[in-house]
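**Student:** Taken in order, these protein sequences are the chains called A and B. Under the working numbering, think of the first position of the first sequence as 1, with each following residue one higher. Under the working numbering, think of the first position of the second sequence as 1001, with each following residue one higher. Beta carbons: idealized from backbone N, C-alpha and C, even for Gly. Quick one: this structure, given as structure tokens, is what I'll be asking you about.
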Amino acid sequence: MADPAIAQIEDLTFAYGREPVLHGIDLDIPRGKVVAVMGQSGCGKTTLLRIIAAALLPTRGRARVLGQVTGDLDRDALYALRRRMGMLYQFGALFTDMTVFDNVAFQMREHTDLPEEAIRDLVLLKLEAVGLRGAAPLMPGELSGGMARRVALARAIALDPELILYDEPFTGLDPIALGVIARLVRQLNDSLGATAVIVTHDVAETLPLVDYVYFMAQGRVVAQGTPAEVRRSGVPFVEQFVSGATDGPVPFHYPAAGYRADLGLAGGA
Amino acid sequence: MVTTGVWRLGYASRFFVYLLVHSGTALGRFRLTMREIYFAGVLSLIIILVSGLFVGMVLALQGYDTLQRYGSSEALGVLVALSLVRELGPVVAGLLFASRAGSAITAEIGLMKATEQLSAMEMMAVDPIARVVAPRFWGGVLSMPLLAALFSAMGIFGGYLVGVVLIGVDEGAFWSQMQAAVDVRNDILNGVIKSVVFGVAVTLIAVFEGYDAVPTAEGVSGATTRTVVTSSLAILALDFVLTALMFTGGN
Chain A
1 MADPAIAQIE DLTFAYGREP VLHGIDLDIP RGKVVAVMGQ SGCGKTTLLR
51 IIAAALLPTR GRARVLGQVT GDLDRDALYA LRRRMGMLYQ FGALFTDMTV
101 FDNVAFQMRE HTDLPEEAIR DLVLLKLEAV GLRGAAPLMP GELSGGMARR
151 VALARAIALD PELILYDEPF TGLDPIALGV IARLVRQLND SLGATAVIVT
201 HDVAETLPLV DYVYFMAQGR VVAQGTPAEV RRSGVPFVEQ FVSGATDGPV
251 PFHYPAAGYR ADLGLAGGA
Chain B
1001 MVTTGVWRLG YASRFFVYLL VHSGTALGRF RLTMREIYFA GVLSLIIILV
1051 SGLFVGMVLA LQGYDTLQRY GSSEALGVLV ALSLVRELGP VVAGLLFASR
1101 AGSAITAEIG LMKATEQLSA MEMMAVDPIA RVVAPRFWGG VLSMPLLAAL
1151 FSAMGIFGGY LVGVVLIGVD EGAFWSQMQA AVDVRNDILN GVIKSVVFGV
1201 AVTLIAVFEG YDAVPTAEGV SGATTRTVVT SSLAILALDF VLTALMFTGG
1251 N
């Protein structure tokens, strides 16, 4: 019987140097769902994504992804695990010296022995799924930001992964491109039977799209639930984040000395 | 600063060994390496050939000026050929290669790192060192001796143009003395060995600096500068060591 959670993070602590970026995180990614990890810039959500992707190893605690504990894997097992995942980077990270077609075909050529005719059909299939079959001969430099991200999405799903990771997929897109990516995330997840983890801070686009949300602040999970539960949660940070209020648990002013004193006015401390 | 330097040197050595061990893709799928031979070697041809020509011409001018003072102007061919084949060919071609191809390789790998292409490739379970770095390394190593040889050849031709055609040194003496004095094993082979060593040094520094670059604009710019400076110093230092070993030990 398949494990109901495709990824489990158990009491995870991670530090790049001396200061921990993540503190004792516990979360589950349920199979077949679209899960969002939201929070401010610098709260550790991209680091968490990289730990799920097994690009980073936990300092303490465990990350179990697709049934394997990432810390126990040797290089070959790690590569085998990565072939079952797909990752979409914030700016696409397309290979700039290859055409769109070759970018999507890359994994097929490297990891399979399929003949070129079969690869051609598969690549066109993936590009059709994201609506860019006509862009196949273009170079990445000729694409707009939204198109580049869609090609990167086609590349990420090239080998039909079980887990797709999205690093800020909505950042910097116009409303039309935003809507297209959001629709594709949901559609591809459902048609591939995959699981999606989206790291984002775009509340308006994400809450209607996802099945479950984790909120993070300063390296900890502060709230979780379905979008409806989260809107009703009453956690002050979540309310400020969702409503976009300028002041609340996250203050507007960066800590500083007294204002009057700074301006050199009398009466300042 | 010294500690960082030593740490980096150790890291570079481990990187070099890893690169050699994982060169199977680069050498097995030779088309990848051929592409890099084109970018590093063929596209450097113009600067190498033109520089070689000018260096040879200047050598002939300067050499004639000194030689004719001792009545040895017929030895001009020997002077030009030995200077180029033993020293100037490998060294100057190496310096030019470092500034043109070395910096291009560093910038390319550094930018791939900055735009997360290497990271993406790693996530797709393809080793970026095997797929991106190793072909560039072998492309540079294979191109460098050929470029040095072409540099020397153009230089000798430039020396001929100035010495024989322009100044009027006897053509027969020019070529026959050169043929007698230049030895395949002691001179030409040593020059080839030098150019291979320089090729390895320059290309290794170039790919390492690119791979280790800080993934920002300033980081890539610093890395390309370090490639050119470090490669140039390495070439000159290695040249001294190799020359000391090759050309003075025989006596």
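1. Is residue 1126 of chain B close to chain A? Criterion is C-beta to C-beta, closer than 8 Å.
2. If contacts are defined as beta-carbon pairs under 8 Å, then residue 238 of chain A and residue 223 of chain A qualify, I think. What distance do you get, rounded to the angstrom?
3. Closest Cβ-Cβ distance between residue 240 of chain A and chain B: below 8 Å?
4. List the residues that DSSP assigns as beta-bridge partners of residue 167 of chain A.
5. Taking the alpha-carbon of residue 114 of chain A as reference, which of A/158, A/127 and A/229 has the nearest alpha-carbon?
6. Taking the alpha helix (DSSP H) that residue 1122 of chain B belongs to, which residues open and close that run?
7. Name the two residues that bound the continuous alpha helix (DSSP H) containing residue 218 of chain A.
8. Would you say residue 1103 of chain B faces chain A, with C-beta separation under 8 Å as the test?
9. Between which residues of its own chain and residue 1175 of chain B is the CB-CB distance below 7 Å, once the five residues before and five after are set aside?
10. Please go through the same chain and pick out, in chain order, the residues whose beta-carbon is closer than 7 Å to the beta-carbon of residue 168 of chain A, but skip the five residues on each side of it.
11. Three Cβ pairs or more, each shorter than 8 Å: is that satisfied between the segment 1156 to 1172 of chain B and the segment 1047 to 1064 of chain B?
12. For residue 1034 of chain B, go through chain A and note every residue whose CB falls closer than 9 Å to its CB, in chain order.
13. When the distance is taken between beta carbons, is residue 250 of chain A closer than 8 Å to residue 227 of chain A?
14. What's the C-alpha gap between residue 207 of chain A and residue 1215 of chain B?
15. By DSSP's criteria, residue 182 of chain A is part of a beta bridge. Which residues make up the other side?
16. Which chain A residues sit within Cβ distance under 7 Å of residue 1123 of chain B?
17. Less than 8 Å between the C-beta atoms of residue 1206 of chain B and residue 1231 of chain B, yes or no?
18. Would residue 264 of chain A be called buried (16 or more neighbouring beta carbons within 10 Å of its own) or exposed?
19. If you count every other CB in all the chains shown that lies within 10 Å of the CB of residue 1240 of chain B, and 16 or more means buried, which is it?
20. Using 8 Å as the threshold, is the C-beta distance between residue 1184 of chain B and residue 1141 of chain B below it?
21. Measuring CA to CA, which of B/1062, B/1109, B/1022 and B/1092 is closest to residue 1278 of chain B?
22. Give, in chain order, every residue of the segment 92 to 122 of chain A whose Cβ lies closer than 8 Å to some Cβ of chain B.
23. Given 8 Å as the limit, is there contact between the segment 1131 to 1146 of chain B and the segment 1034 to 1042 of chain B, that is, 3 or more CB pairs closer than that?
24. Using the Cα positions of residue 108 of chain A and residue 94 of chain A, report the straight-line distance between them to the nearest angstrom.
25. Indicate the three-state DSSP secondary structure (helix, strand or coil) for residue 157 of chain A in the structure shown.
26. Output, in sequence order along the chain, the residues in the segment 15 to 30 of chain A whose CB is closer than 9 Å to any CB in chain B.
27. Can you tell me where the alpha helix (DSSP H) with residue 1093 of chain B in it begins and where it stops?
28. What is the rounded straight-line gap between the Cα of residue 58 of chain A and the Cα of residue 162 of chain A?
29. Could you compute how far the alpha carbon of residue 240 of chain A sits from the alpha carbon of residue 203 of chain A?
30. So what does DSSP say about residue 237 of chain A, is it helix, strand or coil?
31. Mind checking residue 1253 of chain B: buried by the 16 CB within 10 Å criterion, or exposed?
32. Could you please give me the residues that DSSP links to residue 37 of chain A through a beta bridge?
33. If you measure between the beta carbons of residue 5 of chain A and residue 29 of chain A, is that distance less than 8 Å?
34. Start and end of the alpha helix (DSSP H) containing residue 13 of chain A?
35. When DSSP labels each residue in this structure, what does residue 192 of chain A get in the three-state scheme?
36. How would you label residue 1225 of chain B, buried or exposed, when you count the other beta carbons within 10 angstroms and need 16 or more for buried?
**Tutor:** From the atom records:
1. As a working mapping, residue 1126 of chain B is identified with position 126 in the second sequence. Chain A contact via Cβ: present.
2. Reading the first sequence from its first residue, position 238 is the one you call residue 238 of chain A. Reading the first sequence from its first residue, position 223 is the one you call residue 223 of chain A. The Cβ separation is near 5 Å, so the contact holds.
3. Walking along the first sequence from the start, residue 240 of chain A turns up at place 240. Taking Cβ atoms only, chain B never reaches closer than 8 Å to residue 240 of chain A, which makes this a no.
4. For the purposes of this step, residue 167 of chain A is taken as the residue at position 167 of the first sequence. The partner list for residue 167 of chain A (beta bridge, DSSP) reads A/199.
5. Working through the first sequence from its first residue, we reach residue 114 of chain A at position 114. Minimum Cα distance to residue 114 of chain A is reached at A/158.
6. Position 122 of the second sequence holds residue 1122 of chain B. Run containing residue 1122 of chain B: 1117 to 1123, per the alpha helix (DSSP H) assignment.
7. If you number the first sequence from 1, residue 218 of chain A lands on position 218. Element bounds for residue 218 of chain A: n/a, residue is neither H nor E.
8. Looking up residue 1103 of chain B in the second sequence gives position 103. Residue 1103 of chain B does not count as touching chain A.
9. Here residue 1175 of chain B is taken as the residue at index 175 of the second sequence, counted from 1. Taken in chain order, the residues that qualify are 1077.
10. Taking the first residue of the first sequence as 1, we reach residue 168 of chain A at position 168. Only 90, 199 and 200 meet the Cβ criterion.
11. yes
12. Within the second sequence, numbered from 1, the residue matching residue 1034 of chain B stands at position 34. Under the 9 Å cutoff, chain A gives no residues; its nearest Cβ is about 14 Å from residue 1034 of chain B.
13. Here residue 227 of chain A refers to the residue found at position 227 of the first sequence. Here residue 250 of chain A refers to the residue found at position 250 of the first sequence. Their beta carbons are not under 8 Å apart, which means residue 227 of chain A does not touch residue 250 of chain A by this criterion.
14. Along the first sequence, read from residue 1 onward, the residue named residue 207 of chain A stands at position 207. Along the second sequence, read from residue 1 onward, the residue named residue 1215 of chain B stands at position 215. Approximately 33 Å, taken between the alpha carbons.
15. Translated into the one-based positions of the first sequence, residue 182 of chain A becomes position 182. In the DSSP output, where bridge partners are listed per residue, residue 182 of chain A has none listed.
16. Here the question's residue 1123 of chain B lines up with position 123 in the second sequence. The contacting residues are 53, 55, 82 and 87.
17. Numbered from 1 along the second sequence, position 206 holds the residue referred to as residue 1206 of chain B. Numbered from 1 along the second sequence, position 231 holds the residue referred to as residue 1231 of chain B. Closer than 8 Å, so yes.
18. Position 264 of the first sequence, counted from the first residue, corresponds to residue 264 of chain A. When all chains shown are included, residue 264 of chain A counts as exposed.
19. Along the second sequence, one-based indexing puts residue 1240 of chain B at 240. It counts as exposed.
20. What you label residue 1184 of chain B is simply residue 184 of the second sequence in a count that begins at 1. What you label residue 1141 of chain B is simply residue 141 of the second sequence in a count that begins at 1. In this structure, residue 1141 of chain B does not lie closer than 8 Å to residue 1184 of chain B by Cβ.
21. There is no way to answer for residue 1278 of chain B, as the model of chain B reaches only from 1001 to 1251.
22. 93, 94, 95, 96, 106, 107, 110 and 111
23. yes
24. Stepping through the first sequence from its first residue, residue 108 of chain A is reached at position 108. Stepping through the first sequence from its first residue, residue 94 of chain A is reached at position 94. Whole-angstrom Cα-Cα distance: 15 Å.
25. To locate residue 157 of chain A, count along the first sequence from 1; it is residue 157. Residue 157 of chain A: coil per DSSP, three-state reduction.
26. none
27. Residue 1093 of chain B sits at position 93 when you count from the first residue of the second sequence. Unbroken alpha helix (DSSP H) run through residue 1093 of chain B: 1089 to 1097.
28. Position 58 of the first sequence holds residue 58 of chain A. Position 162 of the first sequence holds residue 162 of chain A. Each residue's alpha carbon lies about 22 Å from the other.
29. Taking the first residue of the first sequence as position 1, residue 240 of chain A is located at position 240. Taking the first residue of the first sequence as position 1, residue 203 of chain A is located at position 203. Approximately 11 Å between the Cα atoms of the pair.
30. Along the first sequence, read from residue 1 onward, the residue named residue 237 of chain A stands at position 237. Reduced to three states, the DSSP call for residue 237 of chain A is helix.
31. Residue 1253 of chain B falls outside the range modelled here, since chain B spans only 1001 to 1251, and no answer is possible.
32. Position 37 of the first sequence holds residue 37 of chain A. The partner list for residue 37 of chain A (beta bridge, DSSP) reads A/199 and A/214.
33. Within the first sequence, numbered from 1, the residue matching residue 5 of chain A stands at position 5. Within the first sequence, numbered from 1, the residue matching residue 29 of chain A stands at position 29. Yes, the pair counts as a contact, with Cβ atoms nearer than the cut-off.
34. As a first step, residue 13 of chain A is located in the first sequence; it is residue number 13 there, counting from the start. From DSSP, residue 13 of chain A is part of no alpha helix (DSSP H) but of the beta strand (DSSP E) over 5 to 15.
35. In the first sequence, counting from the first residue as 1, residue 192 of chain A sits at position 192. Reduced to three states, the DSSP call for residue 192 of chain A is helix.
36. For this step, residue 1225 of chain B is matched to residue 225 along the second sequence. Classification for residue 1225 of chain B: exposed.
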